[in-house]
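Student: Take the sequence shown: its letters are residues -19 to -1, 1 to 259, numbered as in mature numbering (1 follows the signal peptide of the UniProt record, and there is no 0). Idealized CB from N, CA, C, for every residue including glycine. Note that the structure is predicted; figures quoted are calculated from it, not measured.
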Amino acid sequence: MRKILIMVMLAFGTFAAYAQDTKQYEDKMKGLETQYQSLIATYKTIKSKDKSAITADDNKKLEEIEAKAGELDSLQKVYTLEIVRNFKNTTFPAKYVAEAVYSFSFDEMKEVCDSTSGYYNEKEMAPVKKIWAALQLRQPGLMFHELTMVDLNGKAIKLSDYAGKGKYVLVDFWASWCGPCRMEMPNVVEAYKKFRAKGFEVIGVSFDQKKESWASAVKSLGMEWPQMSDLKGWQCAAAKTYGIMSIPSNVLLDPQGKIIEIDLRGEHLQKVLAEIYK
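Structure follows, in C-alpha cells:
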C-alpha cells in the first residue's frame, strides 16, 4: 500500500510540474494575443477613416503597428519552438504550431513536423502537414521546376529561358491584389537595382486573373524585370508546381538552376544577395 501511495504521489508531482510549465507558456501566448487584438483594433480605427482624414500621425501610427506586429510574430515563433522542444512527447504543442505555421523557415518546419513527436497526429496538425508537404516541393537543393506562361505582351515564355543560364534568379510569386506583396515589392525593386549589374535576375510570376490589374501593378510598383502569368489566380500552374499556399513567396536559384533559398523577404533578402555578390 505504501509503495502504491508513493507512486501516486510521484505521478501527481510530475503532473503538477507539467501543468505549471505549460501554464507559463499559455500565459505568454495569451499575452501576445491580447497585444495583437489591441493592435488590430487601433489599425481598424485608423483605416476606417476617409483617406483625406488620415493624418501624418496616423500613418506613423500604422507604421508602428506593423513594426510591433512583426515583433509579436517573432516572439510567437520563439515561444512555439520552445514549446515544441520542451514538450515534444506530449500533445501540448499542436495548437501553437498550427497558429505559427507561416512564420517558420524550412528547417523549422522540418523540426515541428517530426512524425515521432507526441503531437504529430493531433487534428490541429492536419493543415500544418499540408503546408509542409507543399513546402517540400520547393525545398533548397532541388532543381527548379519548369513553368510555361505568357508575358505582358502575350508571348509564351518559359522559366528555363532565364533559370540555369549562369545567373542567380529570384522567382517571385506575387499578385496585384496581394497587400503584403505590394508592401514587400519596394524591397525587391531595391535588390534588383542594386545587384542587376552583377548578374542578378528577377522573374515575376503573377497570381492575377485580370491582365489589366497585373500590368497596372507592374508599372506602378516599378517592376522592371520579366513577368509571366497564366492569369488563373490560385489555380495557376505555379501554385501546384511549387506548392505555393500563400504569397508573397519566392525561390532563389543558383546559376545552375538549383533552389538555394526560399521565402526571402525584407532585410534577409538584401543580406543574402550582399553575401553572394560581395
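Could you tell me which uninterrupted alpha helix (DSSP H) segments, each at least 4 residues in length, are contained entirely in the segment 27 to 67, listed from first to last along the chain?
Tutor: The segment 27 to 67 contains these whole alpha helix (DSSP H) runs: 37 to 67.
Student: Would you mind stating whether Leu53 and Ile27 have Cβ atoms separated by less than 8 Å?
Tutor: Against a cut-off of 8 Å, the Cβ pair of Ile27 and Leu53 comes out as no contact.
Student: Looking only at its own chain, which residues have a Cβ that is under 6 Å from the Cβ of Val131, when we skip the five neighbours before and after it?
Tutor: Closer than 6 Å at Cβ, skipping near neighbours: Ala137.
Student: Report yes if the CB atom of Lys9 is closer than 8 Å to the CB atom of Tyr77, and no otherwise.
Tutor: Cβ distance not < 8 Å, so Lys9 and Tyr77 don't count as in contact.
Student: Look at the alpha carbon of Gln5 and the alpha carbon of Lys11, and state the distance between them as a whole number of angstroms.
Tutor: Those two C-alpha atoms are separated by around 10 Å.
Student: Thr129 bridges to which residues according to DSSP?
Tutor: Thr129 is bridged to Lys139.
Student: With a CB to CB cut of under 7 Å and the five nearest residues on each side skipped, what residues in its chain are close to Gly238?
Tutor: Contacts found: Met124, Phe125, Ala144, Gly145.
Student: So, does the segment 247 to 259 touch the segment 163 to 179, judging by three or more C-beta pairs under 8 Å?
Tutor: Yes, since at least three Cβ pairs between the segment 247 to 259 and the segment 163 to 179 fall closer than 8 Å, the two stretches touch.
Student: Rounded to the nearest angstrom, what separates Ile184 and Phe176 at their Cα positions?
Tutor: Approximately 14 Å between the Cα atoms of the pair.
Student: Please report the residue range of the beta strand (DSSP E) in which Ile240 lies.
Tutor: Segment 240 to 243, the beta strand (DSSP E) holding Ile240.
Student: Given this structure, state the Cα-to-Cα distance separating Ser33 from Asp39, to the nearest angstrom.
Tutor: Taking the straight line joining both Cα atoms gives about 11 Å.
Student: Less than 8 Å between the beta carbons of Ile21 and Tyr149, yes or no?
Tutor: It is not a contact, given that the beta carbons lie outside the stated cut-off.
Student: Mind reading off the beta-carbon distance from residue 260 to Ser210? Whole number of angstroms is fine, and I expect it under 8 Å.
Tutor: Only positions -19 to 259 of the chain appear in this structure, which leaves residue 260 out of reach.
Student: Between the beta-carbon of Gly224 and the beta-carbon of Arg119, is there less than 8 Å?
Tutor: Contact: yes.
Student: On the DSSP bridge assignment, give the partners of Asp235 in chain order.
Tutor: According to DSSP, Asp235 bridges with nothing at all.
Student: If you reduce the DSSP assignment to three classes, tell me which class Glu205 lands in.
Tutor: Correct three-state label for Glu205: coil.
Student: By the 10 Å Cβ neighbour count, where 16 or more other Cβ atoms means buried, how is residue 260 classified, buried or exposed?
Tutor: Residue 260 lies beyond the residue range present for the chain, which begins at -19 and ends at 259; the question has no answer from this structure.
Student: Count the other CB atoms within 10 Å of the CB of Glu127; is the residue buried (16 or more) or exposed (fewer)?
Tutor: Exposed: under 16 other Cβ atoms inside 10 Å.
Student: Taking only three categories from DSSP, how would you classify Ser96?
Tutor: Note: Ser96 maps to coil in three-state DSSP.
Student: Looking at the secondary structure, which residues open and close the beta strand (DSSP E) in which Ile257 lies?
Tutor: Careful: Ile257 lies outside any beta strand (DSSP E), inside the alpha helix (DSSP H) at 247 to 257.
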